[in-house]
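Asker: Residue numbering for the sequence shown is 1 to 104, as defined by full-length UniProt numbering.
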Amino acid sequence: MTSVRPKLKPDQPKAVTAWDTLTGKVVWMAGDGSWSDNPQRIGVFTGDEAEARLKDAEAQEGTVTDPYFMQVTEDGAVDGRETLREQIRANGPTVHPEFQKAPK
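(1) Smallest Cα separation from Thr23: which of Gly31, Ala30, Trp35, Gly76?
(2) Do you know how far the Cα of Trp19 is from the Cα of Gln12?
(3) Mind checking who Val72 pairs with in its DSSP beta bridge?
(4) Spatial neighbours of Gly76 within its chain, please: CB distance less than 6 angstroms, with the 5 preceding and 5 following residues excluded, ordered by chain position.
(5) Taking the straight line between their C-alpha atoms, what separation do you get for Glu74 and Lys14?
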């Protein structure tokens, strides 16, 4: 499964993100190549290494779903055109649970 997203230049810092297929949680590839649902562990990649990491992620379809690049700063903070979307993915829904309908 793939989605069309803006192309990032090779020298732009980027992270690889996806969804954990089993749980549906947002996950990021850590610097060691493992997957984490902790945004503090985001691995930052550029150039050929970034391309290789994305190919590794795509080879893991089944464990993760729809891996793609997201733009980050050199220290791993969400950056660029998709900032709002990625902040929501990292931090949860935009509606606080207290303001949702109570179950019947």
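Ideal Cβ positions, reconstructed from N, Cα and C, are used throughout, including at glycine.
Answerer: Quick look at the numbers:
(1) Trp35
(2) 23 angstroms
(3) Val72 pairs with Val78.
(4) Ile42, Val44
(5) 8 angstroms
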